[in-house]
Amino acid sequence: MPEFVTIPALLNLHHTDRALREAREGLENVTRDQRSAEANLAKLDAELAQMEHDLREVQAKIAAEELETSVKVEHIEKMRTALNETKTNKEYSAILVQISAEKALVAEMETKTEGLMAKSQGIKEAMTALTAKRASATETLEQLRQSSAEKVSQFNQRITELQNMRVEAAEKVPAEALKQYERIAQRLPGEAMAPVEYEEGDLENIACGGCFMGLNREDINLIRGRDEIRRCRSCGRILYFAQVTGTGEKSTAK
Numbered sequence: 006m007p008e009f010v011t012i013p014a015l016l017n018l019h020h021t022d023r024a025l026r027e028a029r030e031g032l033e034n035v036t037r038d039q040r041s042a043e044a045n046l047a048k049l050d051a052e053l054a055q056m057e058h059d060l061r062e063v064q065a066k067i068a069a070e071e072l073e074t075s076v077k078v079e080h081i082e083k084m085r086t087a088l089n090e091t092k093t094n095k096e097y098s099a100i101l102v103q104i105s106a107e108k109a110l111v112a113e114m115e116t117k118t119e120g121l122m123a124k125s126q127g128i129k130e131a132m133t134a135l136t137a138k139r140a141s142a143t144e145t146l147e148q149l150r151q152s153s154a155e156k157v158s159q160f161n162q163r164i165t166e167l168q169n170m171r172v173e174a175a176e177k178v179p180a181e182a183l184k185q186y187e188r189i190a191q192r193l194p195g196e197a198m199a200p201v202e203y204e205e206g207d208l209e210n211i212a213c214g215g216c217f218m219g220l221n222r223e224d225i226n227l228i229r230g231r232d233e234i235r236r237c238r239s240c241g242r243i244l245y246f247a248q249v250t251g252t253g254e255k256s257t258a259k
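Take a look at the structure:
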């Protein structure tokens with residue numbers, strides 16, 4: 006029986022990769038709610054900033070309308086004074102017509118200003134509600150950060166440990182085998198290898214433990230007898246047979 010080096014070394018690397026993937030998924034799950042809360046807070050901040058911008062624009066329009074209205078009112082007062090200085094009925098009537106027209110314009114401007122003020126008040130009320138909502142969102146985010154801080158630290162520590170273990174495990178794999186493994190691992194993260202599945206005493210029904218497509222006796226014989234990579238013809242995973250690798254794993258037979 007040949008001494009097996011390649012497959013046991015690959016399996017060690019494979020198990021490390023699976024553990025690393027699980028740790029990263031764990032970190033992802035722990036921080037998912039926190040990231041969602043952060044995104045929600047950022048959205049509220051953007052909405053609040055837009056409201057502040059809209060409020061400044063409305064207030065600027067109100068100021069402009071009030072200034073223009075005051076100018077019109079002042080002009081009307083001057084025209085009323087001018088009525089006392091008219092010398093003919095025609096001049097008097099002309100000024101009255103102009104006063105009437107400008108008073109109508111002032112009324113329109115005041116109505117417009119009232120509408121802008123109502124809009125301004127609506128924005129202020131919406132901002133008050135949104136500010137309260139933001140305060141609640143901030144509190145929720147802080148609670149999530151506090152509750153997940155320890156778990157995040159643990160997962161980060163575990164990921165660092167596994168990354169170091171992976172470097173050590175990869176150094177023990179023959180170079181050519183490592184190249185093949187890394188190519189498969191890029192396509193199937195954490196799933197680059199699969200056990201050969203079969204039922205004891207029935208070598209006619211052999212399957213890849215990754216995609217469950219059928220294998221043949223030749224695959225079993227080569228995996229048992231040679232220290233080399235054999236891949237599933239269907240999914241491309243590297244196949245291994247627990248009893249041959251000496252990994253201590255139990256057979257996947259049912």
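End of the sequence shown = 259 in our numbering, gap-free, step of one.
Each residue gets a CB set at the ideal place from its N, CA and C atoms; glycine is no exception.
Nothing here was measured: the structure is a model prediction, and the numbers come from that model.
Between the options, which has its C-alpha nearest residue i's C-alpha?
| i | options | result |
| --- | --- | --- |
| Glu43 | Lys95, Arg150, Lys66 | Arg150 |
| Ala197 | Thr11, Leu16, Glu30 | Leu16 |
| Glu155 | Thr36, Ser105, Leu25 | Thr36 |
| Glu204 | Val76, Leu220, Glu27 | Leu220 |
| Leu101 | Gln148, Thr86, Glu176, Glu30 | Thr86 |
| Ile81 | Glu71, Glu90, Tyr97, Gln103 | Gln103 |
| Leu146 | Asp38, Arg26, Asp22 | Asp38 |
| Thr133 | Glu52, Lys92, Glu30, Glu223 | Glu52 |
| Lys138 | Cys237, Ala47, Pro194 | Ala47 |
| Ile12 | Lys108, Leu167, Arg231 | Arg231 |
| Phe4 | Arg238, Ile225, Arg236, Cys237 | Residue 4 lies beyond the stretch modelled for the chain, which goes from 6 to 259, so this question has no answer here. |
| Val78 | Glu107, Leu167, Glu223, Ala68 | Glu107 |
| Val10 | Ala182, Arg236, Cys237, Glu209 | Ala182 |
| Lys66 | Glu173, Ser125, Glu144, Gln148 | Ser125 |
| Glu2 | Glu166, Arg192, Lys184, Val157 | Any question about residue 2 goes unanswered here, given that the chain covers just 6 to 259. |
| Arg26 | Ala180, Gln185, Lys92, Leu167 | Leu167 |
| His114 | Lys95, Arg222, Asn94, Ala68 | For clarity, residue 114 is Met in the given sequence; the question names His instead. Checked all of Lys95, Arg222, Asn94, Ala68; the closest Cα to Met114 is Ala68. |
| Leu135 | Ser41, Arg238, Ala54, Asn34 | Ala54 |
| His20 | Tyr186, Cys237, Arg236, Asn210 | Tyr186 |
| Asn34 | Ser153, Thr165, Asn169, Arg222 | Ser153 |
Report the three-state DSSP secondary structure of residue i (helix, strand or coil).
| i | result |
| --- | --- |
| Val10 | coil |
| Ile243 | strand |
| Glu209 | strand |
| Arg171 | helix |
| Arg231 | coil |
| Arg236 | strand |
| Gly31 | helix |
| Gln159 | helix |
Would you mind stating whether residue i and residue j have Cβ atoms separated by less than 7 angstroms?
| i | j | result |
| --- | --- | --- |
| Gly214 | Cys240 | no |
| Ile243 | Ile234 | yes |
| Ala14 | Val178 | yes |
| Ala190 | Glu202 | no |
| Ile142 | Asn45 | First, the residue type needs correcting, since residue 142 is Ala and not Ile in the sequence shown. Result yes, Cβ atoms of Ala142 and Asn45 sit closer than 7 angstroms. |
| Leu121 | Val63 | yes |
| Arg171 | Ala28 | no |
| Phe217 | Leu32 | no |
| Asp59 | Gly195 | no |
| Ile128 | Met84 | no |
| Glu70 | Thr118 | yes |
| Leu49 | Ala175 | no |
I need the boundaries of the beta strand (DSSP E) containing residue i, first residue and last residue.
| i | result |
| --- | --- |
| Ala199 | 198-204 |
Tell me the residue span of the alpha helix (DSSP H) that contains residue i.
| i | result |
| --- | --- |
| Lys184 | 180-192 |
Does the beta-carbon of residue i, which I'm using as the reference point, lie nearer than 6 angstroms to any heavy atom of the ligand FMN?
| i | result |
| --- | --- |
| Lys108 | You won't find the ligand FMN in this model; it holds no ligand whatsoever. |
Continuous beta strand (DSSP E) assignments of at least 3 residues falling wholly in the stretch 79-134: Counting only runs of 3 or more, we get nothing.
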